[in-house]
Amino acid sequence: MVIGLTGGIASGKSTAARYLGSLGAPVIDADLLGHRAYEPGTGAFRQVVEAFGREVVGTDGRIDRKVLGGKVFGQPDALARLTGIVWPEIRRLAEQEIAAIRAERPDAIVVLEAAVLLEAGWEDAVDEVWVVVVERDIAVRRAMARDGTDESAIQKRIDAQLSNEERRRRADVVIDNSGDEAALRARLDREWARLTA
Numbered sequence: 003m004v005i006g007l008t009g010g011i012a013s014g015k016s017t018a019a020r021y022l023g024s025l026g027a028p029v030i031d032a033d034l035l036g037h038r039a040y041e042p043g044t045g046a047f048r049q050v051v052e053a054f055g056r057e058v059v060g061t062d063g064r065i066d067r068k069v070l071g072g073k074v075f076g077q078p079d080a081l082a083r084l085t086g087i088v089w090p091e092i093r094r095l096a097e098q099e100i101a102a103i104r105a106e107r108p109d110a111i112v113v114l115e116a117a118v119l120l121e122a123g124w125e126d127a128v129d130e131v132w133v134v135v136v137e138r139d140i141a142v143r144r145a146m147a148r149d150g151t152d153e154s155a156i157q158k159r160i161d162a163q164l165s166n167e168e169r170r171r172r173a174d175v176v177i178d179n180s181g182d183e184a185a186l187r188a189r190l191d192r193e194w195a196r197l198t199a
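Have a look at this one:
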């Protein structure tokens, strides 16, 4: 069983993933795989350099994500080109990890934590899609407290994401995290009990 866990900025997706990990689920973090996808020598590294130029490679021989970000930020076509390179590589790495876990623990409930799960169309790679949602004003407050970012920057990031309505529509399980962490854990416990019964 593979749970695809996703949610917007400051929804509590990572907190949920950590808690599911504490219950015994192997957790695969797509963000970490994203960093691996850019490693020198990989196919994605070569494609990114071909698409965006040698100047995206830093003095250490790695992709300079700030320089690359500058080339795609606010440029929908460039961003689509980048995600077209990187998302398939992240998925390939995730599927490798899932296969390795299944070989060792066939009955494990695996969690793939991926902010872009729905945007990348990875629903077919998981058995259930769990979406963590939070009211917009709560997300803004949490993100400001966590990142020290100003409100307008966070509002822009939220506007650039899928809406909660769209996420709910595409979810098998919706986890509302507008309460405290104890309420989140209780909600996750109910779903975990359903899967492990």
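Residue numbers for the sequence shown follow the numbering used here, so the first one is 3 and each next one is one higher.
Where is the CB? At the ideal position from N, CA and C, for every residue including glycine.
(request) Compute the Euclidean distance between the alpha carbons of T151 and A199, then round it to the nearest angstrom. (result) Within the sequence shown, the letter at position 149 stands for residue 151. Within the sequence shown, the letter at position 197 stands for residue 199. Their Cα atoms are separated by approximately 42 Å.
(request) Grab the span of the alpha helix (DSSP H) containing L95 for me, first residue to last. (result) Working through the sequence shown from its first residue, we reach residue 95 at position 93. Unbroken alpha helix (DSSP H) run through L95: 78–106.
(message) Please classify S165 as buried or exposed, where buried requires at least 16 other C-beta atoms within 10 Å of its C-beta.
(response) Walking along the sequence shown from the start, residue 165 turns up at place 163. S165 comes out exposed.
(request) Please look up how many angstroms separate the CB atoms of V128 and V4, rounded, as I've assumed it's under 8 Å. (result) Residue mapping note: residue 128 aligns to position 126 of the sequence shown, counting from 1. Residue mapping note: residue 4 aligns to position 2 of the sequence shown, counting from 1. Their Cβ separation, rounded to whole angstroms, is 5 Å, which keeps V128 and V4 in contact under 8 Å.
(request) Return the bridge partner residues of D191 from the DSSP annotation. (result) Against the sequence shown, residue 191 aligns to sequence position 189. Its beta-bridge partners do not exist; DSSP assigns none.
(request) Using 7 Å as the cut-off, classify the Cβ of K15 as near or not near the heavy atoms of the ligand GTP, replying yes or no. (result) This structure does not include the ligand GTP; it has no bound ligands of any sort.
(request) Please name the residue, chosen from A162, G71, A173, D31, that lies closest to Q98 on a Cα-to-Cα basis. (result) Within the sequence shown, the letter at position 96 stands for residue 98. Among A162, G71, A173, D31, the Cα nearest to that of Q98 belongs to D31.
(request) Please confirm if the stretch 63–70 is in contact with the stretch 31–50, defined as three or more CB-CB distances below 8 Å between the two stretches. (result) yes
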